[in-house]
Each structure stands twice: as structure tokens, then as C-alpha cells.
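Below is one structure, written out as C-alpha cells, with a few remarks after it.
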Amino acid sequence: MISWVPKKKINNERVQELLIKSIESNQFTNGSPCVKLLEEQVRDILQIDASKAVVCVSNGTVALWAAVAALELYHKRDLQFATQSFTFPASAQGYLDNVVIVDIDQGGGPNLNLIDISTCDGIIVTNVFGNVVDIQKYEDWCSTHNKFLIFDNAATANTFYKGKNSSNYGTVATLSFHHTKPIGFGEGGCIIIDSRYERSLRNIMNFGIDNTEPLTAKWHRRGGNYKMSDLQAVYILQYLDNFDKIVETTNTNYEYFLNQTNDLAITLFPNFSDRTPFVSCISLFSDKSDQIIKELLKCDIYCRKYYNPLEPTSIATEFYNKIVCISFHVNMTCEDIDRIIEIIKRLV
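For the sequence shown, my numbering begins at 42 and goes up steadily by one.
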């Protein structure tokens with residue numbers, strides 16, 4: 042069986058080693074040692090710019106919510122965001138339940154022509170499955186119209202655009218360390234945000250309370266408890282010890298897949314990266330998507346459709362009807378990929 046999620050080993054010795062400072066300081070959350078170390082590690086391995094703050098949170102969903110709340114706290118006003126219909130529900134739930142949902146364009150991001158610039162303060166763009174949109178297009182639009190730009194990079198941690206990790210773009214980018222993600226273990230999230238918003242963000246994560254001013258600090262309605270604990274951070278850290286191997290193996294295997302499918306009548310999910318994207322699955326379009334999925338499942342290769350559109354908009358629905366998302370992870374081999382390709386070849 043080729044599963045959706047690889048078997049991820051735990052290095053228990055490394056876990057114990059990393060937890061020593063937490064145990065000695067008796068601090069396992071609220072800016073605890075392993076969380077701080079994870080933030081430093083993320084900055085280093087993902088090549089995050091010095092102009093950005095790296096802040097870890099409890100999961101990738103609250104990463105979006107906390108980021109928006111932090112922008113509102115800093116600017117002292119409510120903000121209205123728009124997002125794309127082809128994305129995960131987190132962009133339109135909870136703190137974002139008032140978000141405006143618009144269709145995508147053929148590049149996979151929100152159709153900017155459908156956004157009312159008179160009522161919208163910013164946009165949330167999802168870089169899907171490790172692929173990236175035409176980032177410059179969205180940066181230019183937001184700059185021209187003075188809008189906030191948030192990239193939901195939950196499954197797109199290490200894909201590069203114009204020589205930089207895609208998480209360096211926009212006002213904010215959010216990541217997920219959920220176990221299904223290529224660099225995730227267990228649960229967790231991360232916010233990469235313009236540095237001027239860091240204090241507001243850390244306050245929002247702590248019920249709106251600024252612990253640097255204990256005598257005057259007050260709670261805030263926009264705040265919540267979004268903090269990551271050291272018990273989360275330590276398992277992510279020990280898994281990230283394998284980061285270079287994960288990236289090299291994943292990218293090499295994806296390049297192999299691309300080379301072996303050049304002549305097939307399939308279309309891959311749109312991608313504008315300037316090197317091999319660091320993908321979380323093989324995502325392709327075919328008029329025979331349902332047949333491909335049935336045959337792959339019959340052969341014990343897990344696959345499915347993502348994302349059922351948040352609203353039944355035309356292009357998002359077309360994408361969903363034709364898409365096939367196939368297991369693709371670090372434990373797979375070229376032989377596994379050959380099996381997948383042979384099944385696709387028989388049907389297209």
C-alpha cells in the first residue's frame with residue numbers, strides 16, 4: 042500500500058536531548074526553549090529574510106486567524122479579506138467567517154477581477170500542494186491598491202519563486218506542521234510576518250495580553266490562545282533534522298515523475314516556481330480523473346480529490362472535477378512512481 046502519509050520515525054534520544062532545557066527551566070510553553078529553537082530553525086532552513094518575524098503557533102489554521110487578528114490589532118480597525126474558492130476551509134472559518142469567497146483564475150489563485158477593491162482590505166492566496174501562483178501578479182495588485190497580502194503556504198514550505206522561498210512574499214505567509222505535510226510532525230503551525238507586526242502577533246497569541254508590560258497589560262477581544270508548546274516543538278524539531286534528505290529525495294523523485302510523463306495527455310496543477318516545486322502530492326488534471334482514482338485505489342495507491350470548492354464557482358469546480366491528487370512522499374521510490382505512471386498511461 043502506498044499511503045498518503047509516510048511512516049515518520051521518532052528519534053527518542055534527540056527528543057530527550059532537546060527537552061533538557063525545558064525541564065531545567067520548568068517552562069514548556071509561553072515562549073519556551075524548544076519553541077524558540079524551532080523558530081530559529083525554520084528561519085535558517087527555509088531561508089527566511091531578516092525583515093520577517095518567524096512565530097510558531099499550535100496549528101496551521103490558527104496561523105491564518107492569528108495573523109489577521111494581529112494586523113487588525115496593529116492597525117486598530119476591522120479588516121475585510123477575500124479568498125479563493127479552491128482552498129481549504131480554514132480560510133473561511135472561525136475568525137475568518139466573514140471572508141469574501143471568489144473564483145480562481147487559470148493560474149490557481151483568486152481572480153483579481155472579481156474582488157471589490159472598495160470593500161476589500163486584503164486577500165488570502167493559497168499556494169496549493171507545493172505549487173505557487175504567479176506571486177508577482179498578486180504583489181503588484183496589492184501594492185497598487187494598498188491591500189494586505191497573505192499567502193496560505195500550509196503545504197508549500199520550501200518552493201522557491203524568483204530565487205526566494207515563497208514564504209518571504211506578502212505581508213504574511215503561514216505554514217502547517219500537520220503530520221500530513223512534508224515537513225510536519227504531529228500538529229503545529231508557523232507564521233512568517235513583516236517584523237513590525239511581531240509584537241502584535243505575540244500578544245494576539247496570548248489572549249491579546251502583552252507580557253512585556255505586566256503592570257498595564259490588558260486582554261483583547263481579538264486575542265486567543267494560539268501558542269505552541271515545547272512538546273509539539275520537540276517532535277517537529279527532531280523530524281526537521283532530516284530536512285535536507287526530505288527535500289533532496291522529494292525533489293529528485295518529482296523531477297523523475299515529470300521526466301517520465303512528458304508525453305502523457307495530462308495537465309499538472311499550475312505552478313510558477315523557478316525550480317522544482319517541493320510538492321506534497323502529485324496533482325494533475327484529466328477528463329478521466331474518476332477512472333484514474335478508482336484504478337489507483339484498486340492497486341493500493343492512495344489518492345483523492347482536493348479541494349471541494351468553498352463555493353461552487355465555475356473554474357474552481359472545473360479544477361475539482363478534473364483533479365487527481367496522488368500520494369507522494371519521501372518514503373516512495375522510483376519503482377512506486379513507475380507503478381503510478383503505468384496506471385495513468387493505461388487510462389489517458
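By construction, the Cβ of each residue, glycine as well, lies at the ideal position given by its N, Cα and C atoms.
Quiz item: Looking only at its own chain, which residues have a Cβ that is under 6 angstroms from the Cβ of R127, when we skip the five neighbours before and after it?
Solution: Reading off the sequence, residue 127 comes out as Phe, not Arg. Hits under 6 angstroms: I145, Y348, P350, A357, F360.
Quiz item: With C-beta atoms as the reference, is R237 less than 7 angstroms away from A110?
Solution: no
Quiz item: Looking at I233 and D208, is the spacing between their C-beta atoms short of 7 angstroms?
Solution: Note on identity: in this sequence residue 208 is Ser, with Asp being the wrong assignment. Yes, the Cβ-Cβ distance between S208 and I233 is below 7 angstroms.
Quiz item: Going along the chain, which residues of its own chain have a beta-carbon closer than 6 angstroms to the beta-carbon of N312, five neighbours each way excluded?
Solution: N172, P318
Quiz prompt | Coil, strand or helix - F170 by DSSP | solution = helix
Practice problem: Below 8 angstroms on the Cβ atoms is my guess for I385 versus I333; work out the distance and round it to an integer in Å. | Solution: 6 angstroms
Quiz item: What's the gap between the Cα of L216 and the Cα of E228?
Solution: 11 angstroms
Quiz item: If you draw a straight line from the C-alpha of V76 to the C-alpha of V275, how long is it?
Solution: 8 angstroms
Self-check item: Same chain only: Cβ atoms within 7 angstroms of D90, ignoring 5 sequence neighbours per side
Solution: N209
Quiz prompt | Completely contained beta strand (DSSP E) runs for the segment 249-335, where each covers 3 or more residues | solution = 322-326
Quiz prompt | Between the CA atoms of L114 and Y267 - distance to the nearest angstrom | solution = 15 angstroms
Self-check item: Contained beta strand (DSSP E) runs [length at least 3] in the segment 149-194, N- to C-terminal order
Solution: 163-167, 189-193
Quiz prompt | Candidates N152, V96, F189, P151, of which the one nearest G72 by Cα | solution = V96
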